[in-house]
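323 is the number that our numbering gives to position 319 of the sequence shown; each next residue is one higher, with no gaps.
Just so you know, even glycine gets a beta-carbon here, dropped at the ideal spot from N, CA and C.
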Amino acid sequence: MRRSRIIGCGSYLPERVLTNTELATSVDTSDEWIKERTGIESRRIAADGEMTSDLALKAAQGALTDAGLDAQSIDMIILATSTPDETFPATATVVQSRLGMTGGMAFDIQAVCSGFVYAMSVADNFIKAGQVKTALVIGAETFSRILDWTDRSTCILFGDGAGAVVLSGEDTEDENSPGILSCHLHSDGQYHDLLYVDGGVSSTGSIGYLKMSGRDVFKHAVEKMAAAMREALDAQGMSAKDVDWFVPHQANRRIINSTARKLGISSENVIITIDRHANTSAASIPLALAEGRADQRIKGGDIVLLEALGGGFTWGSCILRW
Ligand code: UT7
């Protein structure tokens with residue numbers, strides 16, 4: 005049996021902090037409304053000229069340092085992003101070059117807010133198939149560039165950032181060894197109109213802005229993420245009480261609370277970053293993992309459950325033993 009084990013975590017947030025109060029000076033909203041409806045207090049915004057690859061590179065360097073590896077030891081980079089530097093090439097190849105990595109392969113994955121869960125699953129499959137030994141999985145976004153800053157229903161929700169993990173394939177006969185236990189991915193394209201960007205290469209030739217029917221997305225998010233979490237627990241013959249850390253995609257504090265409540269996971273077992281990061285899409289889970297690891301809440305042997313839902317819709321879960 006081969007397991008993909010997380011051996012390093014890294015993260016990076018742009019310096020600029022944008023608080024709710026500051027945002028309320030340019031759109032018709034308030035700190036109170038945003039906090040009460042979303043749990044968000046502030047978010048980070050990339051500086052002019054600071055690109056997704058810049059954020060991703062710093063998170064990747066942090067993860068490599070944490071793992072005690074240099075870039076040449078990596079066989080594969082998967083970068084989950086919906087806000088790439090350019091239409092092509094893949095931002096992952098920019099990161100590859102800037103890390104000084106000349107071998108292996110690098111590519112992007114686009115599954116919006118579920119991007120990191122998708123990327124973990126793809127990396128896990130490459131490792132289990134024996135095609136790669138070590139993978140760098142990154143979630144990095146500059147959502148500030150696709151927001152309509154005059155639309156209060158969306159611009160208050162998102163932030164920029166990056167998180168990364170290094171996965172290493174380890175052969176074992178022990179069922180209790182650390183690593184990814186299973187990943188469960190889903191999509192259903194009929195929900196396109198509830199969450200999308202109204203521009204693109206082959207449609208408008210422009211970048212476009214994020215559009216969302218918030219209330220509908222909220223409803224689907226709770227129901228679909230709870231189902232994906234149950235699927236992961238069932239696959240492992242586990243129940244909610246086996247989960248040491250629930251590390252959800254950080255879209256809305258109320259969504260996180262409702263999902264945890266549906267499963268019977270206590271709020272003490274949930275890692276929350278939304279108050280300071282807002283929704284960083286594919287970066288939110290690796291940012292939260294890096295935080296939980298850095299402050300030593302997540303310990304060796306812990307069962308960690310990840311879940312996300314994003315545009316498409318795409319959604320899914322990963323369950324792992326740290
Ligand atoms: O990563 C996955 C993608 N995203 C999500 O998962 C987000 C899912 N959705 C949500 O988080 C929530 O639906 C929102 C936070 C977007 C909105 O919260 P809500 O409780 O669903 O509010 P609502 O859209 O039902 O709006 C309630 C009221 C409306 O006013 P009326 O029609 O009741 O007079 C809105 O116009 O709040 C108003 N409103 C605001 N007021 C102050 C909407 N945005 C704002 C705002 N400030 N920023």
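- The shortest CA-to-CA distance from S157 to any of A127, V170, L199 is the one to L199.
- According to the DSSP assignment, M229 belongs to the alpha helix (DSSP H) that extends over 218-239.
- Assigned with DSSP and collapsed to three states, V136 falls in coil, not helix or strand.
- The beta carbon of F222 sits closer than 8 Å to the beta carbons of N256, R258, I259 from its chain, once the five residues preceding and following it are set aside; these are given in chain order.
- Beta-bridge analysis with DSSP links C117 to no other residue.
- In this structure, the straight-line span from the alpha carbon of I150 to that of D175 is close to 42 Å.
- With 16 or more neighbouring CB atoms inside 10 Å of its own CB, M80 falls in the buried class.
- Looking only at A63, D192, A96, V247, the smallest Cα-Cα distance to L324 is reached by V247.
- Within 10 angstroms of the beta-carbon of A51 lie fewer than 16 other beta-carbons, which makes it exposed.
- In the DSSP assignment, A84 falls within the beta strand (DSSP E) that extends over 80-84.
- Distances between the C-beta of C322 and the heavy atoms of the ligand UT7 are all 7 Å or more.
- Judged by DSSP secondary structure, T23 falls within the beta strand (DSSP E) whose first and last residues are 20-23.
- For M242, the closest alpha carbon among the candidates V98, A67, S262, S186 is that of S186.
- By the C-beta density criterion, F92 is exposed, having fewer than 16 other C-beta atoms within 10 angstroms.
- Shortest gap from the CB of R41 to any heavy atom of the ligand UT7: under 7 Å.
- Classified as exposed, T23 has fewer than 16 neighbouring CB atoms from the shown chains inside 10 Å of its CB.
- Contact between the segment 308-315 and the segment 114-128 is present: three or more C-beta pairs spanning the two stretches fall below 8 Å.
- Residue environment for V169: buried (at least 16 other C-beta atoms within 10 angstroms of its C-beta).
- Checking the 7 Å criterion, the Cβ of L73 is out of range of every heavy atom belonging to the ligand UT7.
- The beta carbon of E54 sits closer than 7 Å to those of P18, all from its chain and outside the five residues before and after it, given in chain order.
- Here A133 is not near T85, since their CB atoms are 8 Å or more apart.
- It is roughly 10 Å from the alpha-carbon of T69 to the alpha-carbon of A75.
- Between I160 and I38, the gap from beta carbon to beta carbon is short of 8 Å.
- In this structure, DSSP gives P252 an extended state, which the three-state scheme calls strand.
- When beta bridges are read from the DSSP output, R102 appears opposite no residue.
- Counting C-beta pairs with one atom in each stretch, the segment 8-15 and the segment 281-299 have three or more that are closer than 8 Å, which means they touch.
- Two segments are said to touch when three or more pairs of C-beta atoms, one from each, lie closer than 8 Å; by this definition the segment 230-237 does not touch the segment 206-216.
- Where S15 is concerned, the enclosing beta strand (DSSP E) starts and stops at 6-16.
- Cα atoms of L267 and D155: separation of roughly 34 Å, rounded to the nearest angstrom.
- The nearest non-hydrogen atom of the ligand UT7 is 7 Å or more from the C-beta of W326.
- For R156, the CB falls within less than 7 Å of some heavy atom of the ligand UT7.
- The C-beta separation of T146 from T56 comes to about 5 Å, placing the pair in contact by the 8 Å criterion.
- In this structure the segment 26-43 does not touch the segment 57-67; the number of beta carbon pairs closer than 8 Å is below three.
- An exposed status is given to T29, since fewer than 16 other beta-carbon atoms sit within 10 Å of its beta-carbon.
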